[in-house]
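Heads up, the thing below is written out as structure tokens.
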Amino acid sequence: MLRERSKLLEQLDDVLIQSSRGSGVIATVSGATAVGKTTLFRTLTERAASAGTMVLSAVSSSDERHVPYSALAQLMHSINAHSSATGAGYAGNAGSARPDRQSGLTIVPTPPDARDDPLTVARQTYRIITQLAARRPVLIVVDDVQHTDPATLSCLRYLAQRLSQLPLALVLMHGVSVDEQPPPVLHDLLYRTSAKHLYLEPFSPLGIKELAANRLPSPPSDRVVVEMHRMSGGNPLLAEALVEEHRLRAASAPASAAEPTSVDATIGPLFHQAVLAYLHRLGPRAVRLAQCLALLDAPVNPVLLSRLSGIDPELLKRYSRLFSGVGALDGPRLRQAGVRQAILGEMSHHKVTHLRYRAARLLHDSGAPPQTVAVHLVGIGPLHEEWVLPVLRTAAAQSLEEGALPQAIRYLELARECSSDETQRLSVRSQYAYGQWQLSPADSALHFLGLKDAILEGKLTGDDAWWIAEGMLFHLSFDEAVEVVDHLNDNDEEAATALYSTRMLMASEVPGVLDRLSRPLEATTAPATSHSELRARHALALVLERGADEYAVALADQAFQGTRNRPTSQLSGLPKALLALCYADRLEAADKWYEVIAADAGNSDAPGWRAQGECVGALIALRRGRLDDAVRRAEAAYARLSGPKWNVSSALALAILIEAHTARCDHGAAAKYLVAEPPPALFLTRAGLHYLYARGRHHLATGNTYLALSDFQECGRLMRRWNLDTPALVPWRLGEADAWLRLGEKDRAVRLIEEQLAKPDNGLTRSHAMALHSLALTQAAAKQLPLLRDAFRLLETCGARYEAAAVLADLSRAYQRLGDKRAQPTARRAWRLAKACQAEFLCQSLLPTSTPQSVASRDNAACRTGDSTGQDDFDGLSESERRVAVLATQGYANREIAERLFVTVSTVEQHLTRVYRKMGIRNREQLLQATHTVTPQSA
């Protein structure tokens, strides 16, 4: 027995002692349901019997509440049991005067009949108890007296009024009666002025700690004890279940396993069953209320809960107060998922379905949000009632808006089954295709293609049809998309916004498809009241056509206003707005907004939009020179977007991966992404231009100059044809010029570069700076300086740090060739900037060699051969030895060389020893010679 129960037992012992001294006493023990009254009942009767007291006991039940004298019959049975134990027996009917010589009774204690006079029965009962008490003390104990029938209560009251001079203890244990009004006689019996009132309290945290210490191999922490107390409310039935769950988990866990951080982690079926037992002890209404709470699984209006459960509102308040004492049942909803499942699992499927239907209908009639209603409809199955389909479709639309895609898909699947005609089903299928695209864009192509015939037959119209057309364009299904767009382009004024939106999408994503339409889509401007996605599409199309147009940039910026906590449906235009800023060479602004969008998209379960955002983020990182970030983002986007069929977004991610890996000199990785043969339809898209340019850079870096030249020229042909000849998209002229330089055609290269420089600037600072850089590399050293300085200034302004580092590297080499002392600090600055861009290959190109080269030629040579050129001064030395030798010739001490090359002094000494041996010299003095080298980076 726990210490918290010992005090109460001591008080009951006092009651027994007082009665044994001839002074009758009545005591009441009250407590909540399942708080341990039955255990106390057993302990009390055992202790009384061992002390020589005659124990007469009864346990009342709600099932026998209306059976007269049912509890009294149990007391009579106890008397007979005592007599049988002593060898005496009784015969005869009630009122028989045959005496019992053993017990001294003159009346046979047989159960009365319901038709007997109540007062007569009470008097006979009193006489029997009086005769028993004359021989030894008597204890009458009744458990759950609140369920005792009124006839027995009348007898007990008669007895209580006359027991003061008898060695008799009357102990009545009663629990909480929530849903039943007790008879007045019970009140008279329990609250007599002479009665002693005892209260059986739930376990305190100290009590639970003692319980756990007695049953667990090692005592739990105070935190776990507090959690157990919160979950159980101190109820012994629930607390013991929690302790047992904890014991079982500890027994099965490895010895080194840490204690669970939460009691929730240890809760299992034992506790769930204990909760069910507790509810059943409270009564059928409590069970029904718990079933409703488990089913609703959300805070709900008390009036609605009353209607659903069939429990009176006032009675509902009482049950709510009762539940609030138990953590597992506290609050307007059942917080523990396992408890909810256990409660619902006890119900039959038919009963759950019926309750869900009633809940859905009540919620709908009370104006609850469609999503709240749809949760229950999904659990019912198809219903062909007029109100069901609109609820499911609205709930699906809201879920799509919020990014809850799996939930939206479930609603739409059920809505399709609930649709009563083909028009409804087709509209739902269009909405379903949109949801599947967001959930798994790579696998959604068939959902769009399957609705083409319905559109052409006029069965699917409006926005549903336009979205299907755009889905086909996304998946490069251009023949089908053209049929659909031509069919929908019927000059309907109501479809004007959809027409314009689709035209902007085609102009910016699939420009090569526009001229395949039978009737061209009219080019207009975006209304000021248009949706943010339409404005973003317009901004992107304008930037591709005009460059960094101020109006286009303003439109793009406007799309980002109020970005935080924006619904998922409004995130769709943001990748296009980001692209507009990126193609306008507003890289710092694009990078800033990408970080905001990425953080917001992390809270959304919309892989389609998130992958598109990551893809654009990869392009921004590539143009900012953060190559590792570009690869990481593009790989994440490609994993979500790639599938059995190519699409515009996966192709863009692929192109970024090829270009980024080529820039990192990882040509094996780049080649892996070039294995798959692209479909011809890809080269009707903007992503196809990126693919051609990236493939051309790869060919150029791996020595396939003519293949590179072909890719760059095709890229230029398409861009001119589509009127998208902006170097901010892809600088095809610079790529082609680089190829001609490799082929020794300097004049052709210069003409291409000058052609790009002659085009209107349009605010494209990065593109203009790259052209200046390319032009500088075709000039003599003296003429390079102003061009390179101007290029660096522009690149620094727009945030293109990688290109800026490359320009600085070539500027340091130009200074070096001219013998200018600014060569060394410029190279250091270039190295630091390249390091910040994660461009390790560029850092390596800045390390000392004996023959300076431009960044482009040096990097490509190093990528192809794995070594740098120019070995005339230190022929036969390894690259590491050559770097050490060059620095030594510049007068650096061994420690300084070690600091600049990030190696130990010992390594420098070893390299120098090998250098002396290979060169046939003895010391540093013989090594010194007139060698002009590229200044290494500083530490």
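When we follow the working numbering, the leftmost residue of the sequence shown carries the number 1066, and every step to the right adds one. Yeah, the Cβ is synthetic: ideal placement off N, Cα and C, and Gly gets one too. Remember, it's a predicted structure, so these values are computed and weren't measured experimentally.
If you draw a straight line from the C-alpha of residue i to the C-alpha of residue j, how long is it?
i, j, result
"Ala1847", "Pro1745", "47 Å"
"Arg1192", "Leu1394", "48 Å"
"Glu1478", "Leu1373", "27 Å"
"Gly1761", "Ala1741", "16 Å"
"Arg1068", "Gly1403", "32 Å"
"Tyr1648", "Leu1789", "11 Å"
"His1763", "Asp1529", "42 Å"
"Leu1409", "Ala1355", "9 Å"
"Glu1819", "Gly1612", "18 Å"
"Leu1109", "Ile1082", "13 Å"
"His1131", "Pro1282", "48 Å"
"Leu1448", "Ala1702", "40 Å"
"Ser1071", "Asp1253", "29 Å"
"Gln1881", "Phe1967", "23 Å"
Do residue j and residue i come within 7 Å of each other at the CB atom, strictly closer than that value?
i, j, result
"Pro1471", "Leu1706", "no"
"Leu1992", "Ala1953", "yes"
"Ala1624", "Arg1651", "no"
"Leu1204", "Ala1113", "yes"
"Cys1902", "Gly1682", "no"
"Leu1687", "Ala1695", "yes"
"Ala1123", "Val1241", "no"
"Tyr1134", "Ala1225", "no"
"Cys1680", "Leu1643", "no"
"Leu1586", "Ala1645", "no"
"Ala1841", "Ala1870", "no"
"Ala1198", "Leu1231", "yes"
"Leu1754", "Val1575", "no"
"Glu1310", "Phe1336", "yes"
"Ala1834", "Leu1860", "yes"
"Val1608", "Ala1619", "no"
"Leu1525", "Ala1519", "yes"
Output needed for residue i: all residues of its chain with C-beta closer than 7 Å, excluding positions within five of it in sequence on either side, in chain order.
i, result
"Glu1545", "Leu1514, Lys1517 and Met1537"
"Ile1986", "Leu1992"
"Ile1194", "Val1203, Leu1224 and Leu1233"
"Leu1344", "Ala1351, Val1352 and Ala1355"
"Tyr1264", "Ser1095 and Gly1096"
"Asn1959", "Val1970, Val1973 and Glu1974"
"Leu1255", "Thr1093, Leu1237 and His1239"
Return the first residue and the last residue of the alpha helix (DSSP H) that residue i is part of.
i, result
"Thr1258", "Note, Thr1258: premise wrong, no alpha helix (DSSP H); not H, not E."
"Val1970", "Val1970 to Met1984"
"Val1080", "Arg1068 to Ser1085"
"Ala1530", "Gly1527 to Phe1539"
"Leu1121", "Not the alpha helix (DSSP H): Leu1121 falls in the beta strand (DSSP E), residues Met1119 to Val1124."
"Gly1446", "First-last for Gly1446: undefined, no H or E at that position."
"Asn1959", "Asn1959 to Leu1966"
"Cys1680", "Pro1672 to Arg1689"
"Phe1625", "Segment: none, Phe1625 is in no alpha helix (DSSP H) and carries neither H nor E."
"Gln1196", "Pro1183 to Ala1198"
"Lys1900", "Ala1888 to Ala1901"
"Ala1909", "Note on residue identity: the sequence assigns Gln, not Ala, to residue 1909. From DSSP, the alpha helix (DSSP H) with Gln1909 extends over Glu1905 to Ser1910."
"Ser1385", "Pro1378 to Phe1388"
"His1833", "Thr1830 to Ala1841"
Residue range of the beta strand (DSSP E) that residue i falls in?
i, result
"Ala1092", "Val1090 to Ser1095"
Beta-carbon within less than 6 Å of residue i's beta-carbon, same chain only, minus the 5 sequence neighbours each way: which residues are those?
i, result
"Leu1837", "Leu1852, Asp1855 and Ala1856"
"Leu1237", "Thr1093, Val1207 and Val1210"
"Ala1037", "Shown here, the chain extends from 1066 to 2004; a query on residue 1037 therefore has no answer."
"Leu1772", "His1764"
"Arg1568", "Leu1586"
Return the chain-ordered list of same chain residues with a C-beta closer than 8 Å to the C-beta of residue i, the five sequence neighbours on each side being excluded.
i, result
"Gly1500", "Ala1461, Leu1465, Leu1470, Ala1473, Ile1474 and Leu1477"
"Ser1229", "Ser1088, Gly1089 and Ser1259"
"Thr1862", "Thr1830"
Could you check whether the Cβ of residue i sits closer than 6 Å to any heavy atom belonging to the ligand NAD?
i, result
"Gln1991", "With respect to the ligand NAD, the structure offers nothing, as it holds no ligand at all."
Any alpha helix (DSSP H) of 4 or more consecutive residues that is wholly inside the region 1455-1511: 1470-1483 and 1487-1504
Whole alpha helix (DSSP H) elements within the region 1204-1235, 4-residue minimum: 1215-1225
In chain order, each alpha helix (DSSP H) run of at least 4 residues that lies wholly inside the region 1304-1376: 1334-1347, 1349-1361 and 1367-1374
Alpha helix (DSSP H) segments (min. 4 residues) lying fully within the region 1719-1785: 1732-1737 and 1751-1766
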